[in-house]
Amino acid sequence: MANKVYVETTLNGETVEFLCEPRQSLLEVLRDVLGFTGAKEGCLTGDCGACSVIIDGRVVCSCLVLGVEAQGKTIETVEGMARDGQLHPLQQKFLEHAALQCGICTPGFLVAAKALLDRNPNPTEHEVRYALAGNLCRCTGYDKIVRAVLDAAAVMRGGTHGVTGA
Amino acid sequence: MHAITYEAPKSLEHALRLLAAAGEKGRVLAGGTDLLIQMRAGVRTPERLIDAKTIPELQVLSFSPHEGLRLGAAVPCYRIVEDPVLCQHYPGLVEAAGLIGSVQIKNRCTVGGNLCNGSPAADTTPALIALGAVCYVASPRGTRTVAVEDFVVSPGRTVLQPDEVLVEFRIPAPPPHTADCYQRFIPRNEMDIAVVGVGAAVTLDGEVCTAARIGLGAVAPTPLFAREASASLVGKPLDDEAIATAAELAQKIARPITDMRGTAEYRLHLVGVLTRRVLKVAAERARAR
Amino acid sequence: MELQEHKFKVIGTRPIRHDGVDKVTGRAKYGADISLPGMLHAKVLRSPHAHARIKSIDVSAALALPGVKAVITGKDLPELPPGSQQMGELVVNPRYLSMNIMARDKVLYDGHAVAAVAATSPHIAEEALKLIKVEYEILPPVLDVRKAMQDDAPILLPELRTSGTPEKSDKPTNIASQVRFARGDLEAGFRAADVIVEREFTTSMVHQGYIEPHNAVAQYNADGHGTIWVSTQGPFSVRELCSHILQMPLGNIKVVPAEIGGGFGGKTTVYLEPLALLLAKKTGRPVKMVMSRAEVLRATGPTSGSYIRCKMGATKEGKITAAQVWMAYEAGAFPGSPVGAGCMTILAPYALENLQIDGFDVVLNKPKTCAYRAPGATNAAFAAETVIDELAEKLGIDPLEFRRRNGAKEGTAQPAGPQFRRIGYIETVEAIMNSEHYRSPLPHVPGKLVGRGVASGFWFNAGFQSTAIVSINSDGTANVVTGSPDIGGTRAACAMIAAEVLGLKAEEVNPVVTDTESIGHTDVTGGSRVTFATGYAVYEAAQDAVRQLKERAATIWKVKPEDVVYQDGVVSCVNNGHEPMTLKQLAGRLARAGGPVTGRAAVNPRGVGPGFATHVVDIAVDPETGKVDILRYTAAQDVGKAVHPSYVEGQIQGGVAQGIGWALNEEYYYDENGIMRNTGFLDYRIPTCLDLPMIETILVEVPNPGHPLGIRGVGEVPIVPPPAAIANALYRAIGVRMTELPMSPAKVAKAVLEKNKAPQ
């Protein structure tokens, strides 16, 4: 356990300090050092997106980031999406549209969808599918996920529901 | 993963010192989207990682009609994809950068890393070859330049010495009526490695092609500059016949393998299909300029 | 109380699932999220060879590495006697199971476990694996199912003899078993046919591809009791299998099901659980094991690749006169492919008088297969539904009309013998015939060849044992406790069933999935059985609670229980003079009227309702690259009664997506030495969001007469039709019958090129 490095970062709005080995991924640090198990490990090769987190406004696979790289960065995880006991509109719409079955990919999808809507509040279906292509779901066939994201976008724009509930 | 150390240098000079001290054990970490996977699999075993993302000299992204494009080796692909100037002048390079992995990957991966990884299937490499890009490589001994097509020497290996850093690419400004295009074939619509990738850039004078460069990916141990195929287009109108001839010449230098991404026979077939397709698109774009 | 469909108040609505908030906030605890104080991390060393004899294993250097606490090999597991045993619904061979989770004298596939190390961190455990020296004598592997059946094939299991043969043989073989279903006069049937189609099909091994890798956390106490936290479809199976493999008393093992990140049948057996428990016993500390994605693909059960010959004949009038099938399924390294299910499902949608089906279960040097959503049925339907399509085409009959003329209905004898009760196959065919999709013209796509295909599918569904407890809280809400891990919304379904019976709102019922010590035996979440069978138990338990509530009201009112009526959450008395009580009012008085009310039920329901589906797909093919795009997809399915329609639709959409992946791109890719080359999601290509359109569903509700609420299983059958539907669409697009899965771009491009080259 030699070689641990001190890292200070901002996690879901709070300053967080931790020690980690340089070989530990940010995913491992979040889960095993900080106890934030919302980001999931599905592949450890950046192919499934289950570990998605937002770093300085950009969604990334936390399995392909070293924990030490978090120094001075701002990190958002699924645990930070609900505020003051209120679900984020994406979380609410995932529930209403039944956009999850087993739920293991859900945190990654929510984080990737948030990153999309933060930049593009009015995406087309194709833009949603493109933005979420790095998140694999084996349960839903994606249909209800895409509908939930489009609906959440409509709600966040302040309009009425963008697509009919499935 | 084996135990490592990590350094975040604040300048190129600092990085070169760290790299020199690390010797054979050092390696530059850019986006990490290939390197960290290879380290976990035991394919590469560097013990000292030096982060390219914190080096300002590797983050340069500038264009002028006089100097052309300076593209820092550690510029993440999202910056290329979202840059309106690049989209205007180098649509093929933007296409290539936009095809690598998911949004998550594009937010990390870099063109420099894509090349230094040494994969014959790197998407941006054929696009850079088509554009005649030159690599600027720094070491304690000074700076040298290497043409992109000469950079990879075998799968996973490049011309870089252990103490060298790929700093940036320089790409000439496109002359009038010049355009590029990159396409690859993958079985899905996203996330796959190219079965074959082809980049092309052409310059037109009226209907006559005055310059052309074609780069090929995933059809040989290294990315290829299709010299004869490119030369065959010069002086001719870019019609179906000329394009078909160039595609056949491109197929002639391809030496593909059979693996889980495709058979040699299929790859050879795709070289023809994609060469024709990218040349047509590049020609249309050049005419429109 | 009697529930009638038109009176359903909760069933058929779409409430928010009870475990939903935990799952969208990252709070739900999956197996890999569990940590215990002092916990060690263990990793498995796996064979780099497809077939080899282990000459020696030297673990001394690994044990000497600081941080390493224990190393185990095959020698640390008890030797078990040969032979199979009935375990619940499964026939299991504990000896083979033990040999699969840790090799003994031979490794039988790339990725076969050889040793395991427990250390203070996962990185140290990994480093220790590199220090284990294994000496192998490499043996020739056999990777093709038909080659494995040949007399001169390398033999995997020297003691294996073919079962199911007419004469007993004592010859070593890779054919584990053979099975035949036959009836009628095959030759006469073919003589009566005006058209006969016969084709050969091959399909590749494919994986369930759940996003959550296998995991297990185990703890062993000095009193000989152990606990395992694990993401599994069957906590009771894990307990039973671990008890056999480790020769521990069943009652000494407690299995706590964590949330589960997908299974599709693949998490119905054990891989890590016994190893984690053994390492916990050896070290005295909790041990956590999590597989990498490569381990999941190399060493957990995919479903069989197969070779299928299918021959069918039909008259000009469109009646099928005979069908003959010969099918060999890859079992992987140990016996147990789903070839039996393949045989029983392949012709089940059709009423046939003359048929013969032969099936062979064959071992070869690939991972031991495990259940995958309608196991054995998808490969089978790919073959049969392609031949059906070709018969219809040759006869000039619409392929759906052809299916309607031959379709099975109530009273039709299945290939395996028993007659169907009320089923909705024909209704699914008609639903597609009448769909807006099927009645719309194919879209034109510039530069592409387009085609439309249809196919049908069948799956038995399962019943099996389930237990449920429904307890009434003092505020008139209820808790539902079951032992069925919730893999896709079954907590909500169980709560809705209880709510319907009790006259509560869905959100007034709290559904809980509990461990093996807190509920009676409950078989796996699999076979599309949870909403059917566990739902049945919940229904019965809720009725038991209602019966007790009526008794309590009778006590309070000093009347006979049979004079009390329970309706919509209100108890009333048939005699005047007693003010009706709401459940809430009654629940508040239970403490002084006999104590708490808890309804219980344990069931093993026999009235399983099979599932039928008919699908239509439009595709566009790039004739130069061979790439297939799915333009539009509609799936009609007999779902019995949809308890929560959103999750029923979700099951259909998910099954279709897996079927599309199977059809177009998914395959186990082995090199000539039997080493798997696509061990990650990069090259094991499951569909992404960008590869699929919206998937339209048509829920056909033909109530299952064997269930009080009409429920049928819905989860499995939607995976069955897609490969055949896409193959049939490809034929319409390119004019070539594709007979090999996956129908990857290279194969499609080659088919187009060869067709264009061939003289017209």
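Chains as they are written, first to last, in this note's numbering: chain R, 259 to 424; chain P, 11 to 299; chain V, 497 to 1256. Just so you know, even glycine gets a beta-carbon here, dropped at the ideal spot from N, CA and C.
Going along the chain, which residues of its own chain have a beta-carbon closer than 6 Å to the beta-carbon of residue i, five neighbours each way excluded?
{"i": "P574 (chain V)", "result": "Q743"}
{"i": "G392 (chain R)", "result": "G307"}
{"i": "V1020 (chain V)", "result": "Q729, G730, S733 and T764"}
{"i": "Y921 (chain V)", "result": "P845, G903, A904 and F1108"}
{"i": "V783 (chain V)", "result": "L536, A538, A614, A714, A772, L775 and A776"}
{"i": "G508 (chain V)", "result": "none"}
{"i": "I1191 (chain V)", "result": "Y1129, Q1149 and V1152"}
State the DSSP-derived secondary structure class of residue i, mapped to helix, strand or coil.
{"i": "R405 (chain R)", "result": "helix"}
{"i": "H99 (chain P)", "result": "helix"}
{"i": "R856 (chain V)", "result": "It is Phe, not Arg, that sits at residue 856 (chain V) in the sequence shown. Residue state, collapsed to three classes: strand."}
{"i": "N1224 (chain V)", "result": "helix"}
{"i": "H1111 (chain V)", "result": "strand"}
{"i": "D133 (chain P)", "result": "coil"}
{"i": "K1198 (chain V)", "result": "Position check: residue 1198 (chain V) holds Val in this sequence, whereas Lys was assumed. In this structure, V1198 (chain V) counts as coil in the three-state DSSP scheme."}
{"i": "P1219 (chain V)", "result": "helix"}
{"i": "V726 (chain V)", "result": "strand"}
{"i": "L896 (chain V)", "result": "helix"}
{"i": "F73 (chain P)", "result": "strand"}
What's the C-alpha gap between residue i and residue j?
{"i": "V941 (chain V)", "j": "P1219 (chain V)", "result": "22 Å"}
{"i": "I965 (chain V)", "j": "V1009 (chain V)", "result": "11 Å"}
{"i": "E623 (chain V)", "j": "V610 (chain V)", "result": "16 Å"}
{"i": "R510 (chain V)", "j": "P1183 (chain V)", "result": "27 Å"}
{"i": "T698 (chain V)", "j": "G315 (chain R)", "result": "48 Å"}
{"i": "R377 (chain R)", "j": "V85 (chain P)", "result": "20 Å"}
{"i": "E383 (chain R)", "j": "P186 (chain P)", "result": "37 Å"}
{"i": "G959 (chain V)", "j": "G1209 (chain V)", "result": "9 Å"}
{"i": "P590 (chain V)", "j": "M823 (chain V)", "result": "27 Å"}
{"i": "P871 (chain V)", "j": "T799 (chain V)", "result": "7 Å"}
{"i": "A257 (chain P)", "j": "V1152 (chain V)", "result": "39 Å"}
{"i": "A810 (chain V)", "j": "A847 (chain V)", "result": "12 Å"}
{"i": "A1163 (chain V)", "j": "S1240 (chain V)", "result": "Ala is not the amino acid found at residue 1163 (chain V); the sequence shown has Glu there. C-alpha separation (whole angstroms): 10 Å."}
{"i": "Y1062 (chain V)", "j": "S673 (chain V)", "result": "54 Å"}
{"i": "V1070 (chain V)", "j": "G1105 (chain V)", "result": "37 Å"}
Less than 7 Å between the CB of residue i and some heavy atom of the ligand FMN, yes or no?
{"i": "C395 (chain R)", "result": "As presented, the structure is devoid of all ligands, the ligand FMN included, so that no description of it is given."}
With a threshold of 8 Å on Cβ separation, who are the neighbours of residue i within its own chain once the five nearest residues in sequence on each side are excluded?
{"i": "K1243 (chain V)", "result": "G1122, M1234 and E1236"}
{"i": "P381 (chain R)", "result": "L374, L375, A389, V407, L408 and A411"}
Compare the Cα-Cα distances from residue i to each of the options and report the closest residue.
{"i": "A357 (chain R)", "options": "R:G271, R:R396, R:I313 and R:I312", "result": "R:R396"}
{"i": "A1098 (chain V)", "options": "V:Q961, V:P1119 and V:S727", "result": "V:Q961"}
{"i": "E178 (chain P)", "options": "P:P66, P:I253 and P:P165", "result": "P:P66"}
{"i": "L891 (chain V)", "options": "V:V691, V:Q646, V:A599 and V:P636", "result": "V:V691"}
{"i": "G82 (chain P)", "options": "P:V70, P:R89 and P:E92", "result": "P:V70"}
{"i": "I853 (chain V)", "options": "V:Y1129, V:R918, V:S543 and V:R676", "result": "V:R676"}
{"i": "R341 (chain R)", "options": "V:T521, V:A621, V:S673 and V:L561", "result": "V:T521"}
{"i": "S970 (chain V)", "options": "V:A612, V:A1083, V:R642 and V:M645", "result": "V:A1083"}
Apart from the five residues on each side of it in sequence, which residues of its chain come closer than 7 Å, Cβ to Cβ, to residue i?
{"i": "T153 (chain P)", "result": "Y146 and V147"}
{"i": "T874 (chain V)", "result": "G1155, W1158, I1215, V1216 and P1219"}
{"i": "H279 (chain P)", "result": "none"}
{"i": "A524 (chain V)", "result": "D515, D518 and E755"}
Problem set entry | Contained alpha helix (DSSP H) runs [length at least 4] in the stretch 607-653 of chain V, N- to C-terminal order | Listed in chain order, the complete alpha helix (DSSP H) runs (minimum 4 residues) inside the stretch 607-653 of chain V are 618-626 and 641-644.
Problem set entry | Ordered list of beta strand (DSSP E) runs contained in the stretch 13-45 of chain P, each at least 3 residues | Within the stretch 13-45 of chain P, the runs of beta strand (DSSP E) that reach at least 3 residues and sit entirely inside it are, in chain order, 15-17 and 36-39.
Problem set entry | Runs of alpha helix (DSSP H) wholly within the stretch 914-947 of chain V (minimum 4 residues, chain order) | Here the runs fully enclosed are 921-929 and 932-935.
Exercise. What are the complete beta strand (DSSP E) segments, minimum 3 residues, inside the stretch 998-1026 of chain V?
Worked result: If we require 3 residues or more, the beta strand (DSSP E) runs fully inside the stretch 998-1026 of chain V come out as 1005-1009.
For this session: Within the stretch 844-891 of chain V, note down every full beta strand (DSSP E) run reaching 3 residues or more, in order along the chain.
Result: For the beta strand (DSSP E) assignment, the uninterrupted runs of no fewer than 3 residues enclosed by the stretch 844-891 of chain V are, from N- to C-terminal side, 851-859.
For this session: Any chance you could list the alpha helix (DSSP H) runs of at least 4 consecutive residues sitting entirely within the stretch 715-781 of chain V, in chain order?
Result: Taking only runs of at least 4 residues, the alpha helix (DSSP H) segments lying wholly in the stretch 715-781 of chain V are 731-742 and 769-779.
Problem set entry | 4 or more residues per run - each alpha helix (DSSP H) lying fully within the stretch 517-578 of chain V | Counting only runs of 4+ residues, the alpha helix (DSSP H) found wholly inside the stretch 517-578 of chain V occupies 556-560, in chain order.
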